[in-house]
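In mature numbering (1 follows the signal peptide of the UniProt record, and there is no 0), the protein residues as written are -23 to -1, 1 to 390.
We treat Cβ as the ideally placed atom computed from N, Cα and C, and that holds for glycine.
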Amino acid sequence: MNLRNILMTGSFLVAAGASTAMAADCGIDGGRLSIIGNEFPAIQTVARNAQDCDGLSEAKANLTADHQTINLAGMQGDPAEYTTAIVANSSIVALINEDVIRPLDDLVSAHGQDIPKNQLITINGQVMAVAFMANAQHLVYRKDILEQIGMEPPKTYEDMLAAAEKIRAEGILEYPLGGAYAAGWNLAQEFVNMYIGNGGQFYEPGTAQVSINNEAGVATLEMLKSLSAYMNPDFLTHDSNATSAEWEAGNVALMNMWGSRTGVLMDAEGSTPEVYENTTVAGPMTVAGGDTPASTLWWDGWTVAKNISDADAEATFKAMKHGISPAILNDETMGQAVWMIDGYQPAPVNQGVFSAISAGTTPYPMLPHHGLLHTALGDNIADFLQGKESAEQTLSDIEDAYMTAAREKGFVN
């Protein structure tokens, strides 16, 4: 089974010895490496190259779209099942809150002095992760279909709705919009993006007291519902993988999608020339007349588990450092991500993320309590989109769910 086919199964499992590359001398003499992370191509590249290190007593990876539901449990044991979790702005917070990852300052001092400073993610004065790529959601569109209806690529979500209506009216596609709107984490992320674009503030200034039941919150939900009217009726089950499959099947003309996914959409595998030759990217859109992109800027990076031996921690650090070394960059991998690695030369496929950076896209909130709000959003928004509740009631439910969780965790009284 080739890499492409593995990706589409929803889980990517790699055991020691699976790579055909020559073992690398990473200065490792014993110790294990066990990776948990997401499944897209850039992370597969990092995991594969980390496992190429010689001297590891064990080298394996579990790369799956469900990584956020299993990484915490897999790192709470003693010893932890996973020696490293590949995380992003939001997902690192839960691991820090539950004290399952270790500060990396000592390991950086001993073995990572050559890691560029901009890759060291420092939280409360301690290095907690090493970043290797930037990411953001942005516009992906079929240039041939937009040309067919005589419209320019949308710069706003209002423009996207107008294009979607015209595509439907002219009988080109019944459901021209796509998006990772699966109920849960993905849907919550779409709310976060749109709420920021609407100028919303998630909390009362200087506190963890949530504040989203307001005009910006209502406008956000209403825009999400307007967009969903042009999506496949099963949109609440569509994560990034399912949405990408819809795109490659030629069923979608416009969508907001992760930059890390666009390489798959623009290659020749799993699709037809009509689709992949016309797949084009642009920057993130704005909404409601604002000039703040309705998106968030992310980094992806790796951590080291706390509940493992020092030998395993050292081996994991050295292996993961090799996994993100300049040696991984080649003609195939250059287009997989916006790499934060020396020697990276941007590919056209990454223009959307570069545009997000240039437009000053807001970083995803890296707050200890924001994960609780993200969960509350993902658990409650579907009711509004299905017409079961008003926007105000849905926002009230979200705030209640968050406040209950935040009180339990001690973030609010």
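Q) By a C-beta neighbour count over all protein chains shown, 10 Å radius and 16 as the cutoff for buried, is L(-11) buried or exposed? A) The residue labelled residue -11 in the question sits at position 13 within the sequence shown. Because L(-11) sits at a pLDDT of 42, beneath the cut-off of 50, its placement in the model cannot be relied upon, and the point is left open.
Q: Please classify N170: is it buried, with 16 or more other beta-carbons within 10 angstroms of its beta-carbon, or exposed?
A: Residue numbering aside, residue 170 sits at position 193 when the sequence shown is read from its first letter. Around the CB of N170, 16 or more other CB atoms lie within 10 Å, so the residue is classed as buried.
**Q.** Contact the stretch 254 to 265 vs the stretch 125 to 143: 3+ CB pairs below 8 Å
**A.** Yes, since at least three Cβ pairs between the stretch 254 to 265 and the stretch 125 to 143 fall closer than 8 Å, the two stretches touch.
Q) How is the beta strand (DSSP E) around G155 delimited, first residue to last? A) In the sequence shown, residue 155 corresponds to position 178, counting from 1. Segment 154 to 156, the beta strand (DSSP E) holding G155.
Q. Helix, strand or coil: how does DSSP classify A(-3) here?
A. In the sequence shown, the residue the question calls residue -3 occupies position 21. Legend: pLDDT at A(-3) = 48, less than 50; position of this residue unreliable, no value from coordinates given.
**Q.** S203 - containing beta strand (DSSP E), residue span
**A.** Position 226 of the sequence shown, counting from 1, holds the residue named residue 203. Per DSSP, S203 lies in no beta strand (DSSP E); the unbroken alpha helix (DSSP H) holding it starts and ends at 192 to 205.
**Q.** Three or more C-beta pairs below 8 Å linking the stretch 63 to 74 and the stretch 325 to 337
**A.** Fewer than three pairs of CB atoms, one per stretch, sit closer than 8 Å, so the stretch 63 to 74 makes no contact with the stretch 325 to 337.
Q. When DSSP labels each residue in this structure, what does K37 get in the three-state scheme?
A. Residue mapping note: residue 37 aligns to position 60 of the sequence shown, counting from 1. Of the three classes helix, strand and coil, the one that applies to K37 here is strand, per DSSP.
Q) Tell me which same chain residues have a C-beta within less than 7 Å of the C-beta of Q186, skipping the five on either side of it? A) Reading the sequence shown from its first residue, position 209 is the one you call residue 186. Here Q186 has Y180, V389 as same chain residues with Cβ atoms under 7 Å from its own Cβ, once five neighbours each way along the sequence are excluded.
Q | From A382, L362, F361, D360, residue whose alpha carbon lies closest to that of H351 | A | Within the sequence shown, numbered from 1, the residue matching residue 351 stands at position 374. For the options A382, L362, F361, D360, the alpha carbon positioned closest to that of H351 is the one of A382.
**Q.** Own chain, CB closer than 8 Å to I126, minus 5 neighbours either side, in chain order
**A.** If you number the sequence shown from 1, residue 126 lands on position 149. These residues qualify, in order along the chain: A140, K143, I144, E147, I149.
**Q.** Distance between D374 and P191 (C-alpha atoms, nearest Å)
**A.** Along the sequence shown, read from residue 1 onward, the residue named residue 191 stands at position 214. Along the sequence shown, read from residue 1 onward, the residue named residue 374 stands at position 397. Note that residue 191 corresponds to Asn in the displayed sequence, not to Pro. Each residue's Cα considered, the two are about 13 Å apart.
Q: Measure the alpha-carbon distance for A282 versus I47 and round it to whole angstroms.
A: Position 305 of the sequence shown, counted from the start, is the residue given in the question as residue 282. Position 70 of the sequence shown, counted from the start, is the residue given in the question as residue 47. Here the alpha carbon of A282 sits roughly 14 Å from the alpha carbon of I47.
Q. Between A333 and A113, what straight-line distance do the alpha-carbon atoms span, to the nearest angstrom?
A. Start at 1 with the first residue of the sequence shown, and residue 333 comes out as number 356. Start at 1 with the first residue of the sequence shown, and residue 113 comes out as number 136. In this model, A333 and A113 are separated by some 7 Å (Cα to Cα).
**Q.** For L138 and F294, believed in contact at Cβ under 8 Å, the rounded distance
**A.** Taking the first residue of the sequence shown as position 1, residue 294 is located at position 317. Taking the first residue of the sequence shown as position 1, residue 138 is located at position 161. No, F294 and L138 are not in contact; Cβ-Cβ is about 48 Å, not under 8 Å.
Q: Give the range of the beta strand (DSSP E) segment to which S11 is assigned.
A: As a working note, residue 11 is residue 34 in the sequence shown. For S11, the enclosing beta strand (DSSP E) begins and ends at 9 to 14.
Q: Report the option in A106, A226, G89, R79 whose CA atom is closest to the CA atom of G155.
A: On the sequence shown, position 178 is the one that residue 155 refers to. Scanning A106, A226, G89, R79 for the CA closest to the CA of G155 turns up A226.
Q: Work out the CA separation of E366 and M380 for me, nearest whole Å.
A: As a position in the sequence shown, residue 380 is number 403, starting the count at 1. As a position in the sequence shown, residue 366 is number 389, starting the count at 1. Cα to Cα, the separation comes out at about 20 Å.
Q. In three-state DSSP terms, what is G236?
A. Locating residue 236 in the sequence shown gives position 259, counting from the first residue. It is helical.
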